[in-house]
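K.L.:
What follows is a single structure, and I will ask about it in a moment.
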Amino acid sequence: MTEPASGSHRAGPTGRARWRRYAVATVTAVQLLATVLGGGAVIGSFLVPGSDASAGAPEYTAIRPGAPLRLAMPTLHVTAPIVPIAMVDHALDPPRDYREVGWWQTSARPGAARGQTVITGHTVHTGGASMNRLGKLTAGDFVDVISQRGRMRYVVQRTKVYSKAAVARHAQDLFGQDHGRGRLVLVTCTDWNGVTYESNVVVVAKPLGAPADQR
Amino acid sequence: MSHRLFLRTGSALAAASVALLATGPAFAADPVAQASATALEVGIAGHGTETGTYTATNDGTRETTSGDNAPALPVAVGQQATNLGTLAQDAVTTTAGHSAACSGVAGEGATLTQVGDGTRCLTGGQTITLDAAHADFSKLQVLPPQITQGLDTTLADAVAGAVAPVVNQLLTALGNPGLGIDLGAVQASCSAGPTSARGTANIAHASAYLQAPAPIGHVDLVSLPVDPAPNTHVVTNLSAVAEAVQRGVDTQISTTLGGQAGTLGPLLQPLQLGLDTLIDEVQSNVTDALGPQLAPLEQNVLDIVLNKQSQPARGAIDVTALDLHLLPAARQFVDADLASVAIGHVTCGPNTRVAPAADAVPAVDTPSTSTSEPDTAVPTAVEAGAGSLDEGPSPLAHAALGGLVVAGTGAGVWGFRRSLRS
Numbered sequence: 000m001t002e003p004a005s006g007s008h009r010a011g012p013t014g015r016a017r018w019r020r021y022a023v024a025t026v027t028a029v030q031l032l033a034t035v036l037g038g039g040a041v042i043g044s045f046l047v048p049g050s051d052a053s054a055g056a057p058e059y060t061a062i063r064p065g066a067p068l069r070l071a072m073p074t075l076h077v078t079a080p081i082v083p084i085a086m087v088d089h090a091l092d093p094p095r096d097y098r099e100v101g102w103w104q105t106s107a108r109p110g111a112a113r114g115q116t117v118i119t120g121h122t123v124h125t126g127g128a129s130m131n132r133l134g135k136l137t138a139g140d141f142v143d144v145i146s147q148r149g150r151m152r153y154v155v156q157r158t159k160v161y162s163k164a165a166v167a168r169h170a171q172d173l174f175g176q177d178h179g180r181g182r183l184v185l186v187t188c189t190d191w192n193g194v195t196y197e198s199n200v201v202v203v204a205k206p207l208g209a210p211a212d213q214r
Numbered sequence: 000m001s002h003r004l005f006l007r008t009g010s011a012l013a014a015a016s017v018a019l020l021a022t023g024p025a026f027a028a029d030p031v032a033q034a035s036a037t038a039l040e041v042g043i044a045g046h047g048t049e050t051g052t053y054t055a056t057n058d059g060t061r062e063t064t065s066g067d068n069a070p071a072l073p074v075a076v077g078q079q080a081t082n083l084g085t086l087a088q089d090a091v092t093t094t095a096g097h098s099a100a101c102s103g104v105a106g107e108g109a110t111l112t113q114v115g116d117g118t119r120c121l122t123g124g125q126t127i128t129l130d131a132a133h134a135d136f137s138k139l140q141v142l143p144p145q146i147t148q149g150l151d152t153t154l155a156d157a158v159a160g161a162v163a164p165v166v167n168q169l170l171t172a173l174g175n176p177g178l179g180i181d182l183g184a185v186q187a188s189c190s191a192g193p194t195s196a197r198g199t200a201n202i203a204h205a206s207a208y209l210q211a212p213a214p215i216g217h218v219d220l221v222s223l224p225v226d227p228a229p230n231t232h233v234v235t236n237l238s239a240v241a242e243a244v245q246r247g248v249d250t251q252i253s254t255t256l257g258g259q260a261g262t263l264g265p266l267l268q269p270l271q272l273g274l275d276t277l278i279d280e281v282q283s284n285v286t287d288a289l290g291p292q293l294a295p296l297e298q299n300v301l302d303i304v305l306n307k308q309s310q311p312a313r314g315a316i317d318v319t320a321l322d323l324h325l326l327p328a329a330r331q332f333v334d335a336d337l338a339s340v341a342i343g344h345v346t347c348g349p350n351t352r353v354a355p356a357a358d359a360v361p362a363v364d365t366p367s368t369s370t371s372e373p374d375t376a377v378p379t380a381v382e383a384g385a386g387s388l389d390e391g392p393s394p395l396a397h398a399a400l401g402g403l404v405v406a407g408t409g410a411g412v413w414g415f416r417r418s419l420r421s
């Protein structure tokens, strides 16, 4: 039953069908042109040297030190407000709100050339805390700290688990402010034994600067 | 079960219960950690009002609190504050002998954050406007003879008739201008461990001013430092107000006599006196007349201590973000409903360490700590883990402990009675 109709199409399109074909062909041609031009521009931006920021090389600029406001760990899909915390009896106790993280206010501010920025947040055994998956960060992952001065980007250098005693032994290295060149130190707890946490997981990240396109 | 075995079992359980009681810090007399917070204390016309104090104490096993950590604004204070939107007062303790508190006030739109070891419990918000007092200018007046002192008699009547009404009209119009205090978020926080305590206060955009009708207008009295050092003392007077009143009166005299140039010209010519000289002389006369009346404004009016800190005991600290008093000297000239204000009052400690905590980590080089010691050491422990979103022993643990105590004691008593019968 459909054959005669089909045969009539093959025999020659009607005026309306012909116009439809022209329209489709025109749209397709425009799309192709746009793709070629757009692709050429992108490729050209890599091939042709110039002063444009999109020239391909990573662009980071220095920012002035500023109090941190927010932590972003894109790999973990985590962002958390940062509040300043103080050391009490030689211990850092993160904010009680497990969604927040605490910046040890004696440590370096993001953007500082000296010292190290120490940020700690809770791990909660039942889940839901900002730093529950901190140990999943691996070398090469980016971590951003947004301060009053802008967005400071760091690249993770190492993730290591320390026993509580080891943290005490390496306290000066991990938290001391006479070294570090502005690196970021993230700390939370790990090794839940059913009653308490036996260890800390520590992430050390090197400062890159403020991404030029996200300041 | 034989009688003897039953007796032994009961006695053993009773002894275990007693041992639990003896070793359990839950039953210790002194708290191992304590903190308190009061958002606002106000003295109004001889009586005080406040938001109440929220306290937290910890006996080594659990925290006990009293008061309200979501305080409401006292009605009497509400009349004095035109934009006092958010109050915060909270305190927490841990079983390991740590405590922290934070309190303060902020204007509409401020955000509350939870107290911990952070330094702020309020962020953002509009400016707080406190209607602190009203200056009383109702008794200010300048008499015609005072205005024309030293002037030729031919001029006196004309000058007095023109100047006296406008000057006294201006003074009357001053009425009772308000003495206001604008503040950003004002808050204090403290934290304490078993051996040390520290506190801080944050104040933003703080100033005192007087708002009078034109031509006096807004007169800035003092700008308070942001995030002040401990025990920053500020005393201010209303000399700027006195100067503003004098300036306003001078302007009025100059305008009035300048407008009378046609009338005064023929009177000034025989005396070889210029109009400007006359204006200067009249302004000087009026200043002499007003000076003694404005003198009380030169005295200290506001006595303010910012970030007021004291150490009532070793390992304890008492912090008040802003402590303001209207000085008695001001009462001569100021209708003071609001006599004193204390914003953001917190206390932390003294705390104790009841036993070596399981999670305590020995320090590598533990420096000695004192209440006022600067924070130069590094942390040797990071307490960043929790079993669940609740703190402290679980309800099941409490129930188990309570059940053991009751069962052991009951068995002991029953066994003792059986032994008496046998």
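For the protein sequence lines, the chains are A and B, in the order given.
Counting in numbering that gives the first Met the number 0, the first sequence runs from 0 upward without gaps.
Counting in numbering that gives the first Met the number 0, the second sequence runs from 0 upward without gaps.
Think of the CB as a built atom: it goes at the ideal place given N, C-alpha and C, for glycine as much as any other residue.
1) Could you work out which residues of chain B lie near A170 (chain A), taking near to mean beta carbons separated by less than 7 Å?
2) Excluding the five sequence neighbours on either side, which residues of its own chain have a C-beta within less than 8 Å of the C-beta of A191 (chain B), listed in chain order?
3) Could you tell me whether the Cβ of E382 (chain B) comes closer than 9 Å to any Cβ of chain A?
4) Tell me whether the stretch 150-166 of chain B and the stretch 223-236 of chain B touch, counting them as touching only if at least three CB pairs, one residue from each stretch, are closer than 8 Å.
5) Going along chain A, which residues have a C-beta under 7 Å from S222 (chain B)?
6) Taking a cut of 7 Å between CB atoms, which residues from the stretch 63-74 of chain A lie near chain B?
7) Find the residues of chain B that neighbour F141 (chain A), judging by a C-beta separation of less than 7 Å, and give them in chain order.
8) Whole angstroms are fine: how far does the CA of G126 (chain A) sit from the CA of L395 (chain B)?
9) Report yes or no: is there a C-beta of chain B within less than 9 Å of the C-beta of L207 (chain A)?
10) At 8 Å on the CB atoms, spell out the chain B contacts of N199 (chain A), in chain order.
11) Any chance you could list the beta strand (DSSP E) runs of at least 3 consecutive residues sitting entirely within the stretch 195-265 of chain B, in chain order?
12) Helix or strand or just coil, what does DSSP make of K163 (chain A)?
13) Measuring alpha carbon to alpha carbon, tell me which residue in B:I342, B:A205, B:I303, B:A172 is nearest A211 (chain B).
14) Assign S137 (chain B) to one of two classes, buried (16 or more other C-beta atoms within 10 Å of its C-beta) or exposed (fewer than that).
15) So what does DSSP say about A422 (chain B), is it helix, strand or coil?
16) So, is the C-beta of H97 (chain B) closer than 9 Å to a C-beta in chain A?
17) Can you look up T174 (chain A) in the DSSP assignment and give me helix, strand or coil?
18) If contact means a Cβ-Cβ distance below 9 Å, which residues of the stretch 183-213 of chain B contact chain A?
19) Once you ignore the five residues that flank A71 (chain B) on each side, which residues in its own chain have a CB closer than 8 Å to its CB?
20) Check for me: the beta strand (DSSP E) holding I146 (chain B) runs from which residue to which?
21) Hey, how far is the Cα of T286 (chain B) from the Cα of I342 (chain B)?
22) Kindly indicate which three-state DSSP category L272 (chain B) falls into: helix, strand or coil?
23) Between the stretch 75-97 of chain A and chain B, which residues of the former have CB atoms less than 8 Å from a CB of the latter, in chain order?
24) Roughly how many angstroms separate the alpha carbons of N199 (chain A) and L301 (chain B), rounded to a whole number?
25) At a cut of 8 Å, does the stretch 199-208 of chain B reach the stretch 173-187 of chain B through at least three beta carbon pairs?
26) Going by DSSP in three states, K138 (chain B) sits in which element: helix, strand or coil?
27) What's the C-alpha gap between K307 (chain B) and A184 (chain B)?
28) Beta-carbon of V123 (chain A) versus every beta-carbon of chain E: anything under 9 Å?
29) Between which two residues does the beta strand (DSSP E) containing Y422 (chain B) stretch?
30) For H76 (chain A), which residues does DSSP report across the bridge?
31) Flag this pair as touching only if the stretch 160-168 of chain A and the stretch 94-110 of chain A have three or more C-beta atom pairs under 8 Å; answer yes or no.
32) In whole angstroms, what is the alpha-carbon distance linking T93 (chain B) and R148 (chain A)?
33) Is the stretch 90-103 of chain A close to the stretch 113-126 of chain A, with three or more CB pairs under 8 Å?
34) Alpha carbon to alpha carbon, what distance is there between L173 (chain A) and L185 (chain A)?
35) At a cut-off of 8 Å, is G198 (chain B) close to the ligand FAD when judged by its beta-carbon and the heavy atoms of the ligand?
P.N.:
Inspection of the coordinates gives the following:
1) Within the first sequence, residue 170 (chain A) is the residue found at index 171, counting from 1. Within chain B, the residues V363, V377, P378, T379 have their CB atoms less than 7 Å from the CB of A170 (chain A), given in chain order.
2) In the second sequence, counting from the first residue as 1, residue 191 (chain B) sits at position 192. Non-local beta-carbon contacts of A191 (chain B) in its own chain, meaning distances under 8 Å to residues more than five positions away in sequence, involve A32, A34, H97, S98, A99, R197, G314, A315, I316, C347, G348, P349, N350 in chain order.
3) Stepping through the second sequence from its first residue, residue 382 (chain B) is reached at position 383. True, the Cβ-Cβ gap to chain A drops below 9 Å.
4) In this structure the stretch 150-166 of chain B does not touch the stretch 223-236 of chain B; the number of beta carbon pairs closer than 8 Å is below three.
5) Here residue 222 (chain B) is taken as the residue at index 223 of the second sequence, counted from 1. Neighbours of S222 (chain B) on chain A: none; closest Cβ ~22 Å, over 7 Å.
6) Going along the stretch 63-74 of chain A in chain order, one finds no residue with a Cβ nearer than 7 Å to chain B.
7) As a position in the first sequence, residue 141 (chain A) is number 142, starting the count at 1. Under the 7 Å cutoff, chain B gives no residues; its nearest Cβ is about 22 Å from F141 (chain A).
8) Indexing the second sequence from 1 puts residue 395 (chain B) at position 396. Indexing the first sequence from 1 puts residue 126 (chain A) at position 127. In this prediction, L395 (chain B) scores a pLDDT of 40, lower than 50, which makes its location untrustworthy; the coordinate-derived value is nonetheless stated afterwards. So the two alpha carbons sit approximately 20 Å from each other.
9) As a working mapping, residue 207 (chain A) is identified with position 208 in the first sequence. Interface with chain B (9 Å Cβ-Cβ cutoff): L207 (chain A) is excluded.
10) Your numbering for residue 199 (chain A) matches position 200 in the first sequence. Result: V381, A383.
11) Runs found: 196-202, 205-210, 217-223, 231-236.
12) Taking the first sequence and counting its residues from 1, one reaches residue 163 (chain A) at position 164. In this structure, K163 (chain A) counts as helix in the three-state DSSP scheme.
13) Mapped onto the second sequence, residue 211 (chain B) falls at position 212. Measuring from the Cα of A211 (chain B), the nearest candidate turns out to be B:A172.
14) In the second sequence, the residue the question calls residue 137 (chain B) occupies position 138. Label assigned to S137 (chain B): exposed.
15) A query on residue 422 (chain B) cannot be resolved here, the shown segment of chain B reaching from 0 to 421 and no further.
16) Working through the second sequence from its first residue, we reach residue 97 (chain B) at position 98. Taking 9 Å as the threshold, the shortest C-beta distance from H97 (chain B) to chain A falls below it.
17) Taking the first residue of the first sequence as 1, we reach residue 174 (chain A) at position 175. Rather than Thr, the amino acid found at residue 174 (chain A) in this sequence is Phe. F174 (chain A) falls in the helix class under three-state DSSP.
18) If the cut-off is 9 Å between Cβ atoms, the stretch 183-213 of chain B has S188, S190, A191, G192, P193, T194, S195, A196, R197, T199 near chain A.
19) Start at 1 with the first residue of the second sequence, and residue 71 (chain B) comes out as number 72. The residues are T50, L86.
20) If you number the second sequence from 1, residue 146 (chain B) lands on position 147. Per DSSP, I146 (chain B) belongs to no beta strand (DSSP E); it is in the alpha helix (DSSP H), 143-146.
21) As a working note, residue 286 (chain B) is residue 287 in the second sequence. As a working note, residue 342 (chain B) is residue 343 in the second sequence. Distance between the alpha carbons of T286 (chain B) and I342 (chain B): 39 Å.
22) On the second sequence, residue 272 (chain B) is found 273 positions in, with the first residue counted as 1. DSSP places L272 (chain B) in coil when its eight states are reduced to three.
23) Close to chain B, meaning a Cβ-Cβ distance shorter than 8 Å, are the following residues of the stretch 75-97 of chain A: V82, P83, I84, A85, M86, V87, D88, H89, A90, L91, D92, P93, P94, R95, D96, Y97.
24) Position 200 of the first sequence holds residue 199 (chain A). Position 302 of the second sequence holds residue 301 (chain B). So the alpha carbons of these two residues sit roughly 51 Å apart.
25) Taking a cut-off of 8 Å for Cβ pairs, the stretch 199-208 of chain B and the stretch 173-187 of chain B touch, as three or more such pairs fall below it.
26) On the second sequence, residue 138 (chain B) is found 139 positions in, with the first residue counted as 1. In the displayed model, K138 (chain B) falls within coil according to three-state DSSP, outside both helix and strand.
27) The residue labelled residue 307 (chain B) in the question sits at position 308 within the second sequence. The residue labelled residue 184 (chain B) in the question sits at position 185 within the second sequence. Here the alpha carbons of A184 (chain B) and K307 (chain B) stand approximately 16 Å from one another.
28) Within the model displayed, chain E is absent; protein chains A and B are what it includes.
29) Past the boundaries of the shown model lies residue 422 (chain B); chain B is included only from 0 to 421, so the question cannot be answered.
30) Start at 1 with the first residue of the first sequence, and residue 76 (chain A) comes out as number 77. Looking at the DSSP assignment, H76 (chain A) forms no beta bridge with any residue, so it has no partner.
31) Too few Cβ pairs lie closer than 8 Å, so no.
32) In the second sequence, counting from the first residue as 1, residue 93 (chain B) sits at position 94. In the first sequence, counting from the first residue as 1, residue 148 (chain A) sits at position 149. Using only the alpha carbons, I get a separation of about 35 Å.
33) Touching, yes, given that three or more Cβ pairs across the two stretches are closer than 8 Å.
34) Translated into positions along the first sequence, residue 185 (chain A) becomes position 186. Translated into positions along the first sequence, residue 173 (chain A) becomes position 174. One C-alpha to the other measures close to 10 Å.
35) The model depicted lacks the ligand FAD and carries no ligand whatsoever.
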